Amino acid sequence: NPFNIKNRELSDKEIDERLAHYEIPTDLPLVVQISRFDPWKDPKGVVEAFKLASEEVDARLVLLGNFATDDPEGEEIFNSLCACRDDRILILTSGDDTALVNALQTRAAVVLQKSLREGFGLTVAEAMWKSRAVIGGNVGGIRYQIEDGVDGFLVSSNEQAAERIVRLLKDEKLREEMGRKARETVRKKFLLTRYAEEYLDLFDAFDKNFNLRE
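According to my numbering, the sequence shown is numbered sequentially starting from 2.
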């Protein structure tokens, strides 16, 4: 939904204020993944990929997510990630702040959704709509959202993810080109208006007696 606060266009001032509220520095390019702290979202793999990429580029990783209070596995993953925190790796648990989600996706140089299993990747579509190049796990629905090498990248390992992070951070022109194509992909395939048009076309295919027009 492009009218949701998570997807509406934010001004630079709004973005800066939201990031400042959570003390997220913007002096370096941001690499962002927004997802639950769940093993299938592979947050540990994201950290490992970022560490590999950091050998070649200087950036900052932001992992934003949440977990159910009755989910001991999620809390365990979160605690293990917190052990990785430093000035280049930020772990945040304010995933229900949709304005922050929007600000991070909009300001990110690279968005990750390095899932090991996924249906339709909502955060993938959200970031693509904001003209971000997304690096997604080569699994499930993400494979139908991202055309590898055209409007984003699909990866199957930490090493592949690291290489794509480096490539995108070093090539601003590629990031912008992929971002434009990503937004167009969402516009054509995944907006509510697209489904409304299909329903209207379906209704128009029948006459007033509900017979299929020839």
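Using N, Cα and C, we set each Cβ at its ideal position, and we do this for glycine too.
All values reported here derive from a predicted model rather than from experimental measurement.
By the criterion of a C-beta distance shorter than 6 angstroms, Asp43 is surrounded in its chain by Lys115 and Leu117, once the five residues flanking it on both sides are discounted. Taking C-beta atoms as the reference points, Arg37 and Phe68 count as a pair closer than 8 angstroms. DSSP, read as helix, strand or coil, puts Gly180 in helix. Take Asp97, set aside five residues on each side of it, and the residues of its chain with a beta-carbon closer than 7 angstroms to its own are Asn67, in chain order. In the DSSP assignment, Val156 forms a beta bridge with Gly138.
Annotation: Glu24 to Phe51 spans about 20 angstroms, alpha carbon to alpha carbon.
The beta carbon of Arg89 is closer than 6 angstroms to those of Arg61 in its chain, skipping five residues each way along the sequence. In the DSSP assignment, Leu117 falls outside any alpha helix (DSSP H) and carries neither an H nor an E.
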